[in-house]
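Peer 1:
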């Protein structure tokens with residue numbers, strides 16, 4: 104497999120992007136093509152031991168910044184995103200991974216790869232981590248304004264992914280809504296519900312966020328606006344709780360005295376705490392977006408994974424891992440087949 | 104003040120509804136009219152010491168169940184919700200509080216109280232607790248399908264409330280979106296942004312959930328569908344974290360051994376933990392919806408507070424407190440004035 108990695112993607116590019124690519128090449132042995140400003144990439148690569156690793160560099164003179172819009176994507180034909188995407192469309196590489204401007208990657212994928220035949224709009228599929236076992240959320244922000252027929256296609260793509268990549272037999276589909284009953288939701292949700300109900304899909308109906316966290320569905324379906332707000336709310340609440348706890352516990356002299364009084368007890372607890380370490384680590388991992396890599400862009404003619412702008416090296420490495428798994432599972436064929444079965 | 108309380112509202116009615124009403128009458132001395140099945144209410148009241156409290160009972164033969172729809176609201180003219188709402192419209196009472204079927208309360212408010220002149224759609228304003236200081240979220244589910252002009256009216260109502268009821272000078276308005284930039288959002292958000300930007304309101308632009316939790320705005324504006332999903336996601340994530348922590352810490356024999364080993368340490372920590380109690384209590388209160396009472400229905404000709412279906416007595420009492428504060432601040436005049444200033 105040859106995977107193109109956008110070296111100019113993350114907020115702190117090229118540092119985490121290059122480090123993640125090196126880690127992935129070492130771990131899985133795939134060929135990695137780092138695309139971006141050649142000199143900067145080579146300087147960064149020099150900090151790593153890359154002897155024997157199949158890492159190449161492809162120069163791209165321009166960089167699409169995080170705040171730039173679709174017109175800049177059109178204009179900047181030599182940006183790392185567009186050069187990388189063309190390596191996939193020409194068949195020189197199998198997949199593209201970027202922690203850069205999501206809207207830019209999306210626009211470039213549509214320009215340079217095109218949509219899969221029959222697909223009306225692309226969607227970003229991402230892991231929603233706040234449930235007993237992983238749940239696939241689609242769409243996490245590719246298509247903010249949806250029609251029912253787009254959502255039904257997202258559902259088919261997401262279910263095909265859950266079945267073929269995750270290996271879930273007959274995955275359950277839930278439609279995000281503000282109530283479980285059939286008449287709840289906005290107009291888009293009510294119209295989509297009516298179509299899904301009549302389909303052959305394993306549709307469990309509307310799901311509210313609390314049902315999502317209780318694992319009522321394997322794939323949760325929503326428009327790109329709502330999905331993005333939901334995922335970002337989840338991140339914001341988890342991060343706020345941590346901050347709030349820290350501030351409350353360390354603020355005020357009474358709490359400082361209390362913490363000092365806790366110390367002897369804490370020392371006495373050391374053996375027990377050491378035994379708890381694996382659990383605490385599992386907990387931290389659960390809410391560490393870096394564990395999940397990124398979101399898979401579904402509906403375009405190529406495997407494209409978009410990482411978080413705040414990606415660190417681990418997140419970039421895991422985004423590359425996600426692209427590998429998608430290719431190993433022939434995700435493009437799977438999506439194409441899901442569209443043909445449905446006759447759409 | 105005379106406040107009508109729906110005794111048949113909460114999931115466990117009339118127990119928490121009556122207990123909350125008794126507590127409110129004792130605390131604030133306002134006249135309370137409990138509406139619902141007279142015999143059931145009187146049986147419940149008999150369990151409390153109500154000597155000298157200004158509590159009355161108004162019989163209502165029917166109950167609108169949680170799953171019932173707008174047609175049932177029309178049909179059940181003798182339901183506690185409709186009888187209670189008519190006490191407000193006739194001037195026999197000043198406010199209506201219910202922990203019942205939100206859609207039912209909304210429909211009844213529109214039938215029996217009517218909208219404030221000039222208001223296109225009602226909105227539910229609620230406290231969004233996950234921020235440094237309270238933030239007012241509007242709309243939490245009254246109007247799922249919105250137009251930009253509805254959102255602009257919600258903004259004016261919410262800002263008027265924050266200024267006059269909460270006493271925030273020149274409150275800041277944020278529009279919930281999937282990105283801060285002006286071109287982010289769905290079509291509704293982009294069109295609303297354009298109107299707000301040209302208005303005289305203190306509009307700080309689009310806000311993502313993480314900016315909400317960091318206190319970038321005092322009032323956050325969104326359509327009723329997105330707002331409801333956002334609030335419910337917040338509740339679901341906080342509740343999942345608690346569950347997950349409990350399960351992880353008590354699951355598996357290694358953790359059980361660890362917890363036993365922690366015991367001597369915990370005993371040594373008692374003095375410190377006692378000092379931390381106020382902080383831990385503050386933390387629990389922060390995420391206890393019962394502290395906030397309910398959501399204020401804005402845009403109708405009367406003070407209406409809708410509580411959580413899961414309300415306990417404290418939540419009902421605090422919902423009554425919220426109705427009191429709204430009346431003390433003359434919230435209806437404030438909303439009416441905000442519409443006149445804007446010339447809409």
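Chains as they are written, first to last, in this note's numbering: chain A, 104 to 447; chain B, 104 to 447. Just so it is clear, CB atoms sit at the ideal spot from N, CA and C, and this is done for glycine as well. From a predicted model like this one, the values you see are computed outputs, not experimental measurements.
Can you tell me whether residue 211 (chain A) is helix, strand or coil according to DSSP?
Peer 2: Three-state DSSP puts residue 211 (chain A) in a helix.
Peer 1: Residue 309 (chain A) bridges to which residues according to DSSP?
Peer 2: Paired residue(s): A:278.
Peer 1: Measure the CB-CB distance between residue 326 (chain A) and residue 242 (chain A) and report whether it falls below 8 Å.
Peer 2: Yes, they are a contact pair.
Peer 1: Rounded to the nearest angstrom, what separates residue 447 (chain A) and residue 221 (chain A) at their Cα positions?
Peer 2: In this predicted model, residue 447 (chain A) has a pLDDT of only 46, less than 50, meaning its place in the structure is not dependable; the value taken from the coordinates is given anyway. Distance between the alpha carbons of residue 447 (chain A) and residue 221 (chain A) is about 7 Å.
Peer 1: By how many angstroms is the C-alpha of residue 139 (chain A) removed from the C-alpha of residue 293 (chain A)?
Peer 2: Roughly 45 Å between the two C-alpha positions.
Peer 1: Who are the near neighbours of residue 426 (chain B) in its chain, counting only those whose CB is closer than 6 Å to its CB and skipping five residues on each side?
Peer 2: Counting only Cβ-Cβ distances below 6 Å, and skipping sequence neighbours, we find 106, 198, 200, 406, 408.
Peer 1: Mind checking whether residue 324 (chain B) and residue 272 (chain B) have CB atoms under 8 Å apart?
Peer 2: Contact: no.
Peer 1: How about residue 104 (chain B): is its C-beta nearer than 8 Å to some C-beta of chain D?
Peer 2: Absent from the structure is chain D; the protein chains it does hold are A and B.
Peer 1: Under 8 Å between C-beta atoms, does residue 229 (chain A) make it to chain B?
Peer 2: Judged by the 8 Å Cβ criterion, residue 229 (chain A) is not in contact with chain B.
Peer 1: Chain A beta carbons: is any one of them nearer than 8 Å to that of residue 340 (chain B)?
Peer 2: Chain A contact via Cβ: present.
Peer 1: Would you kindly check if the distance between the Cβ of residue 262 (chain A) and the Cβ of residue 251 (chain A) is under 8 Å?
Peer 2: Their beta carbons are not under 8 Å apart, which means residue 251 (chain A) does not touch residue 262 (chain A) by this criterion.
Peer 1: In terms of residue numbering, what span does the beta strand (DSSP E) encompassing residue 183 (chain B) cover?
Peer 2: Taken as a continuous stretch (DSSP letters only), residue 183 (chain B) belongs to no beta strand (DSSP E), being part of the alpha helix (DSSP H) at 183-192.
Peer 1: Is residue 217 (chain A) closer than 8 Å to residue 109 (chain A) when the C-beta atoms are compared?
Peer 2: Not a contact, by the Cβ cut-off of 8 Å.
Peer 1: Does the beta carbon of residue 198 (chain A) come closer than 8 Å to any beta carbon on chain B?
Peer 2: Not one chain B Cβ lies under 8 Å of residue 198 (chain A).
Peer 1: By the three-class DSSP mapping on this structure, what secondary structure does residue 342 (chain A) have?
Peer 2: Note: residue 342 (chain A) maps to helix in three-state DSSP.
Peer 1: Mind checking residue 195 (chain B): buried by the 16 CB within 10 Å criterion, or exposed?
Peer 2: Result: exposed.
Peer 1: Quick one: give me the first and last residue of the beta strand (DSSP E) that residue 227 (chain B) is part of.
Peer 2: That run of the beta strand (DSSP E) goes 226-231.
Peer 1: Should residue 228 (chain A) go down as buried or exposed, given a rule of 16 or more other Cβ atoms within 10 Å for buried?
Peer 2: Buried is the call here.
Peer 1: Looking at the C-beta of residue 170 (chain B), does it have a partner C-beta in chain A at a distance below 8 Å?
Peer 2: Closer than 8 Å to some Cβ of chain A, the Cβ of residue 170 (chain B) qualifies, so yes.
Peer 1: With 8 Å as the threshold, decide whether the Cβ of residue 153 (chain A) is near any Cβ in chain B.
Peer 2: Closer than 8 Å: no.
Peer 1: Can you give me the Cβ contacts of residue 281 (chain B) inside the same chain, cut-off strictly under 6 Å, excluding the 5 residues immediately before and after it?
Peer 2: Taken in chain order, the residues that qualify are 287.
Peer 1: Using a beta-carbon distance below 8 Å, is residue 244 (chain A) in contact with chain B?
Peer 2: With 8 Å as the cut-off, residue 244 (chain A) counts as an interface residue toward chain B.
Peer 1: Do you know how far the Cα of residue 132 (chain A) is from the Cα of residue 432 (chain A)?
Peer 2: Between residue 432 (chain A) and residue 132 (chain A), the C-alpha separation is close to 18 Å.
Peer 1: Would you kindly work out how many angstroms separate the C-alpha atoms of residue 439 (chain B) and residue 297 (chain B), rounded to a whole number?
Peer 2: Each residue's Cα considered, the two are about 24 Å apart.
Peer 1: Applying the 10 Å Cβ sphere with the 16-neighbour rule, what's the burial state of residue 155 (chain B)?
Peer 2: It counts as exposed.
Peer 1: Quick one, are the C-beta atoms of residue 276 (chain B) and residue 304 (chain B) less than 8 Å apart?
Peer 2: Yes, the pair counts as a contact, with Cβ atoms nearer than the cut-off.
Peer 1: By Cβ distance, which residues of its chain are closer than 8 Å to residue 315 (chain A), with the 5 residues on each side in sequence left out?
Peer 2: So the list reads 231, 233, 234, 238, 277, 279, 323, once near-sequence residues are dropped.
Peer 1: Using a Cβ-Cβ cut-off of 8 Å, state whether residue 316 (chain B) counts as contacting chain A.
Peer 2: Chain A contact via Cβ: present.
Peer 1: In the DSSP assignment, what residue or residues form a beta bridge with residue 109 (chain A)?
Peer 2: Beta-bridge pairing links residue 109 (chain A) to A:138.
Peer 1: List, in chain order, every chain B residue whose beta-carbon is nearer than 7 Å to that of residue 312 (chain A).
Peer 2: Chain B residues near residue 312 (chain A): 332, 335, 336, 339.
Peer 1: Determine the direct distance from the alpha carbon of residue 346 (chain A) to that of residue 246 (chain B), and round the result to whole angstroms.
Peer 2: Each residue's alpha carbon lies about 33 Å from the other.
Peer 1: In terms of residues, what are the limits of the beta strand (DSSP E) holding residue 449 (chain A)?
Peer 2: The question about residue 449 (chain A) has no answer, for chain A in this structure spans 104 to 447.
Peer 1: Helix or strand or just coil, what does DSSP make of residue 385 (chain B)?
Peer 2: DSSP places residue 385 (chain B) in helix when its eight states are reduced to three.
Peer 1: Apart from the five residues just before and just after residue 328 (chain A), which ones in its own chain have a Cβ nearer than 7 Å to its Cβ?
Peer 2: For residue 328 (chain A), where only same-chain residues beyond five positions count, the Cβ hits under 7 Å are 247.
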